[in-house]
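One structure is given below, encoded as structure tokens.
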Amino acid sequence: MTSYVENETDTDFSFDEQRLVSQVMEAVLEAEGCPYEASVNVLLTDDEGIREYNREYRGIDRATDVLSFPNIAYGQPSDFSKVEEAEADYFDPDSGELLLGDIILSVDKIKEQAECYGHSQLREFAFLVTHSMLHLCGYDHMEEADAGEMEEKQRNILEKLGITREK
Numbered sequence: 265m266t267s268y269v270e271n272e273t274d275t276d277f278s279f280d281e282q283r284l285v286s287q288v289m290e291a292v293l294e295a296e297g298c299p300y301e302a303s304v305n306v307l308l309t310d311d312e313g314i315r316e317y318n319r320e321y322r323g324i325d326r327a328t329d330v331l332s333f334p335n336i337a338y339g340q341p342s343d344f345s346k347v348e349e350a351e352a353d354y355f356d357p358d359s360g361e362l363l364l365g366d367i368i369l370s371v372d373k374i375k376e377q378a379e380c381y382g383h384s385q386l387r388e389f390a391f392l393v394t395h396s397m398l399h400l401c402g403y404d405h406m407e408e409a410d411a412g413e414m415e416e417k418q419r420n421i422l423e424k425l426g427i428t429r430e431k
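Here this note's numbering is used: the first residue of the sequence shown is 265, the next is one more, and so on.
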């Protein structure tokens, strides 16, 4: 598993962002039964940066906490059975890893939401990466039942990692 984390802000967290992204990524892909080594790109930006991406790619002119850009068009969430049919689209030719997609996080929102919800920045960061990784695996939360399924998966993954609201 490979994760590439780029921080375009001056923010230094009290934890290793690269290590945390890798731990969450591995836990999500294990929980989802991904049979491949995979890679994900993560960009840490500020509210203004994520606002620009949100405006450009979603037509929404406001900051948000996380944006997910899946590379794979799933028939069903975490159905990896079709990716080999489009190997050139989904696999890195050099590493052979499955290219899951890109994640953009707002460090401003991580700090703000951690304070608002009364938990650590580590927990908020891990939650947002977990949430986004599930999007990269084909989940969404447009319907109430889908939202409930994503919430349960997020909770189970974070509990398995020992990342609770207290941390």
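Cβ atoms here follow ideal geometry from the backbone N, Cα and C, with glycine treated the same way.
- The DSSP-derived three-state label of Leu392 is helix.
- Note: Tyr268 is bridge-paired with Asn305 in the DSSP secondary-structure output.
- A straight-line Cα-Cα distance of about 10 Å links Gly323 and Glu316.
- Taking one beta carbon from each stretch, the segment 401 to 420 and the segment 349 to 357 have fewer than 3 pairs nearer than 8 Å; the two do not touch.
- With fewer than 16 other CB atoms across the displayed protein chains lying within 10 angstroms of its CB, Ser278 is exposed.
- As for any beta strand (DSSP E) of minimum length 3 sitting wholly inside the segment 349 to 387, the runs are 362 to 370, ordered along the chain.
- DSSP places Ser345 in the helix class (H, G or I) of the three-state scheme.
- Here the segment 328 to 347 does not lie against the segment 278 to 287, with fewer than 3 beta-carbon pairs under 8 Å apart.
- Within the model, the alpha-carbon separation for Asp276 versus Leu364 is close to 26 Å.
- Spatial neighbours of Glu270 in its own chain (CB-CB distance under 8 Å, excluding positions within 5 residues in sequence) are listed in chain order as Asn305, Val306, Leu307, Leu308.
- The C-alpha of Ser345 lies about 37 Å from the C-alpha of Asp311.
- In the same chain as Met414, and ignoring 5 residues on each side of it, the C-beta atoms closer than 8 Å to its own belong to His395, Leu398, Tyr403, Asp404, His405, in chain order.
- Contact between Ala390 and Leu425 holds, since their C-beta atoms are separated by about 7 Å, short of 8 Å.
- Under the 10 Å beta carbon count, Glu379 is surrounded by fewer than 16 other beta carbons and is classified as exposed.
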